[in-house]
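Written below as structure tokens is the structure these notes are about.
Protein chains: 2
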Amino acid sequence: MTRERSWWGWGWADQALDAQACAALADRVRAFLHLDGELAPIPALTDVSLPEPQVRAPQSLDRLCTTAARDRVAHTYGKAYRDVVRALRGDLAAAPDLVAYPRQEADVTAILDWAADADLFVVPYGGGTSVVGGVECRDRSRPNVSLDLRHLAGVLEVDEVSLAARIRAGTLGPAIEDGLRPHGLTLRHFPQSFEFSTLGGWIATRAAGHYATGLTHIDDLVEAVRVVTPVGVAASLRVPTSGAGPSPDRLWLGSEGTLGVITEAWVRVQRRPTFVRRSAVGFAEYADAVEAVRELAQSGLQPANCRLLDAIESMLGAGVTDGSCRLLLGFESADHPVDAAMDRALEICRTRRGIADGSESTSEWRETFLGAPYLRDGLARLGVVVETFETACTWAGFAALHAGVVEAGAATGALVACRLTHLYPDGPAPYFTVYAAGHRGAGVQIWDGVKAAASEAILAHGGTITHHHAVGRDHRPWYDRERPEPFALALRAAKATLDPHGVLNPGVLI
Amino acid sequence: MTRERSWWGWGWADQALDAQACAALADRVRAFLHLDGELAPIPALTDVSLPEPQVRAPQSLDRLCTTAARDRVAHTYGKAYRDVVRALRGDLAAAPDLVAYPRQEADVTAILDWAADADLFVVPYGGGTSVVGGVECRDRSRPNVSLDLRHLAGVLEVDEVSLAARIRAGTLGPAIEDGLRPHGLTLRHFPQSFEFSTLGGWIATRAAGHYATGLTHIDDLVEAVRVVTPVGVAASLRVPTSGAGPSPDRLWLGSEGTLGVITEAWVRVQRRPTFVRRSAVGFAEYADAVEAVRELAQSGLQPANCRLLDAIESMLGAGVTDGSCRLLLGFESADHPVDAAMDRALEICRTRRGIADGSESTSEWRETFLGAPYLRDGLARLGVVVETFETACTWAGFAALHAGVVEAGAATGALVACRLTHLYPDGPAPYFTVYAAGHRGAGVQIWDGVKAAASEAILAHGGTITHHHAVGRDHRPWYDRERPEPFALALRAAKATLDPHGVLNPGVLI
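Read top to bottom, the protein sequences are chains D and Z. 1 is the number of the first residue of the first sequence in the numbering used here; add one for each residue after it. 511 is the number of the first residue of the second sequence in the numbering used here; add one for each residue after it.
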């Protein structure tokens, strides 16, 4: 009865593109990209060979732990292109030796204690949707344990007066919304991974939801966090804000499982929006569109949606074939009409030659958005190199960064599409999708080349290596260059103190 | 020609209440508070005795340093009630041995190097407006140096496209605005100390401006920070946001001079507002007013001003004598009319029996607000114990916290007034003013008793020990209880790494 998660690719196993859908996709893609060979088959789990587990759970923890192949396989990788390709290849040497499923917070402590005693690595695992190698333990110098928090789930408490809720870290997006809906409330945090990722994962990786402005980062939705570190539990005070020293919560936000295991959090929730206005706006010139969204970002209008698709994105994502680009605009409120805001936004667009196309509904983009990773898996099986990366930069620096990344992509033979997903008064968050012809067996290598070239271009033009995908293991070389050295020293010192046996998620961040 | 700062009290020396104004104040206050004795005289600087300086600058730094009495005296204390009383008493034993005035960033490094070699303490000093003992070095186990950053001042660069500016840390509020005004821009950060405090001080203490919602915390206005630590310079990347690990800037925000010396920052600036609506609203019942401001905070309307004065505040601050309380409401935008927002806000107030009094101008409150510290000094000279403290809590917890603090004040013989200065969807920031009859010579002791009782009440009711006054030395006992222990360990580890000789601001935070 339980719907099955895909062990090799994105999301639900039953939603993966079937052979027929893949063939149709191949026909569409062949028009602009060379396809190399056949559709890669999905290996049978029984054919996959795993290394012998190097560790056994002590009796006291045995009921929480398993070394079953199915569990180990499903916890080997995140969901990046390079993960999918390797899984399809049956390359699962990186599988954890054991998967632990704590049932309560004390179990987390017990597992960390055991890991310190037995000299293990522990990789905290939420929904496993990392696209940066965040849950893949590459250091094999110790046995490693995947710590899956799925049973620490549920909305525990709702404060309807203060609009806040206490939620366990292992709760998936839909379960959070199910728990809040009866109260007329919503967390309103919708990352692309929403269905398959958890509150704890969002906090650990500083996730961004799909809203363009306002309360879209999990950072801003967190009121207090509870974390099990190897040296004790840290629980911050539940207050709207505090000026008492550096924010404790901000140390856990983005800690990516290296400093402790997040077990629950108080988060800010909102009333469900009742006033909604949406519109799509077309721009013949990309530069005009960029100017318009900059003005929107600096206007204080705070659009819920303000997603600018360049011409390639508009073609692939919205079926626009005239080379124009498309802005998806939306306003929402639970309190007051948003017509005046939308009218003013459209006025700003008009001064930049943007034409509202009258379509009130932009819900197709959401389907496209949520379906994209399944499509990506189909393309990967067809041998196409397809992946996304993202950054944030200043408005003044955007044009050069954009050109630099597109150029770097082109130099490695890749087509680069761009959308602006999040907007700030001082700059946008550009989100890039890369398509390149693969050569059977060399997809990961080709992608790594594209990614390195793009990352160099991003850093050279003043962008950050990640706006919301986190650092994991894949972004380390660029993160290390971006991070101020004294801050790196402080972080390493914090790590040595909180995780003295170096148990937690080795190779990530530090 | 240079206007003189008061060495013993708030702000400009020439703006201190003169004898006549103090006498008039005494007549007003006598009605409800016992006054003990005469007006305390302002000691002559020549009468003040200072300990011999315990250190001399090396020749290479001599031109930047002084041991002159006037400089040492002016750098002894911050501007809390307890600082003013002690200064009036001529109690200046805590004076720094030497005051250093670096002229460029390299001087800061040189001074920190010297301090490590010569075994000194260094207290970074911005505008010196701390009200929590932040600049008062109480550890006399080493000679101590006050590091005044006033010469590291100026708006260095303005990015009009991205709406950001690079500003040196020692720049005072008015100089920041003067530098931005020709560009039609503003930082729009107006703490009560605005005239006398600096960008670096705001960042180090996580200052809040006077706006009730939106971009009011300096935390949210900081795009990138440059910090000289004893082990090197940390400069963060200038991007609107980044998901690359825990935020480096958030470690410096609130570090209160313990981890490094902030030398400059890129900050987000805004176009100057052109659309403004203001109104005052009266409420007969405080509970109604609190409900109204909670709804306003949760409405998404984002009022620039939404300051709720209780009956005592309304009487003392706005001359309201009928026992009602008063809400000062304001909306601002540089882009679009704010009438609809104001109308909706007044509608929310009306449902809670709030009556807009038609007064468009609420500018008197600003005069009162900025003049309050001078009045405080006059009252202190009259022997009245008068001071403020503040917190933040959830909406659900506010009524009990408010009652608890008022009760704690009453139990120590103090009258407690409250205003809500900042509003969040999950809770308010209550700001308390305390008035108590002093006994000549015992003012500090009486205040310390009131403060301790109030702080216990705040913590007992789930509030934070400070919303924007910072921790300094005075809040340490409660901060230490509020701060999660693993975070304290991490912070101490960071401190030991970044400041291995323990030079910076000893006794603060860590």
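Every residue gets a Cβ at the ideal spot worked out from N, C-alpha and C, and that includes glycine.
- Within the model, the alpha-carbon separation for LEU555/Z versus GLU223/D is close to 49 Å.
- Of all residues in the stretch 380-411 of chain D, those with a C-beta nearer than 7 Å to a C-beta of chain Z are ALA392, CYS393, THR394, TRP395 and ALA396, reading in chain order.
- Residue contact check for HIS977/Z against chain D: a CB pair falls below 7 Å.
- Within the model, the alpha-carbon separation for THR768/Z versus PRO634/Z is close to 9 Å.
- Put simply, the backbone Cα of ALA164/D is about 14 Å away from that of LEU215/D.
- If the five residues before and after PRO506/D are omitted, its C-beta is found closer than 6 Å to the C-beta atoms of PHE121 and ASP139, all from its own chain and listed in chain order.
- Between the stretch 189-196 of chain D and the stretch 954-970 of chain Z there are fewer than three C-beta pairs closer than 8 Å, too few to call the two in contact.
- Looking at the DSSP output, GLY134/D sits in no beta bridge, so it has no partner there.
- SER640/Z places its beta carbon 7 Å or farther from that of GLY680/Z.
- Counting along the chain, the unbroken alpha helix (DSSP H) around GLU295/D starts and ends at 286-298.
- HIS34/D is classed as exposed because its beta carbon has fewer than 16 other beta carbons within 10 Å across all chains shown.
- ARG70/D has its alpha-carbon roughly 22 Å from the corresponding atom of LEU17/D.
- Annotated three-state conformation of PHE706/Z is helix, per DSSP.
- Note on geometry: alpha-carbon atoms of ALA685/Z and VAL405/D lie some 39 Å from one another.
- For ALA597/Z, the enclosing alpha helix (DSSP H) covers residues 591-598.
- Residue pairing of TYR101/D in beta bridges, as defined by DSSP: absent, with no partner found.
- Positions of the alpha helix (DSSP H) runs, each at least 4 residues long and wholly inside the stretch 858-923 of chain Z, are given as 873-891 and 905-921 in order along the chain.
- Between HIS720/Z and PHE700/Z, the CB-CB gap stays under 7 Å.
- LEU50/D is a Cβ neighbour of ALA95/D, given a cutoff of 7 Å.
- In the three-state reduction of the DSSP assignment, LEU630/Z falls in the coil class.
- Spanning the alpha carbons of THR76/D and CYS137/D requires a straight line of approximately 8 Å.
- Residue contact check for SER640/Z against chain D: no CB pair falls below 7 Å.
- With a beta-carbon spacing of about 7 Å, TYR81/D and ARG376/D fall inside the 8 Å limit used to define contacts.
- When DSSP states are grouped into helix, strand and coil, LEU152/D belongs to the coil group.
- Taking a 10 Å sphere around the C-beta of LEU666/Z, we find fewer than 16 other C-beta atoms and assign the residue as exposed.
- Around PHE487/D, the beta-carbon contacts reaching into chain Z at under 7 Å are ALA744, PRO758 and LEU761.
- Contact between SER746/Z and ALA866/Z fails: their C-beta atoms lie close to 45 Å from each other, not under 8 Å.
- Against chain Z, the CB of ASP426/D has a partner CB under 7 Å away; the residue lies at that interface.
- DSSP links GLU332/D through a beta bridge to VAL276/D.
- One finds ASP335 and HIS336 in chain D with Cβ atoms closer than 8 Å to the Cβ of ARG854/Z, taken in chain order.
- Two segments are said to touch when three or more pairs of C-beta atoms, one from each, lie closer than 8 Å; by this definition the stretch 23-43 of chain D does not touch the stretch 106-118 of chain D.
- Every candidate beta strand (DSSP E) stretch fails here, since none sits fully inside the stretch 518-565 of chain Z while reaching 3 residues.
- Linking TYR431/D to ARG419/D through their CA atoms gives a straight-line distance of about 5 Å.
- Within chain D, the residues LEU237, ARG238 and VAL239 have their CB atoms less than 8 Å from the CB of GLY972/Z, given in chain order.
- Interface flag for GLU52/D against chain Z is unset, since no Cβ pair is found closer than 7 Å.
- Identification of chain D residues near VAL741/Z by a Cβ-Cβ cut-off of 9 Å yields GLU485, PRO486 and LEU489, ordered along the chain.
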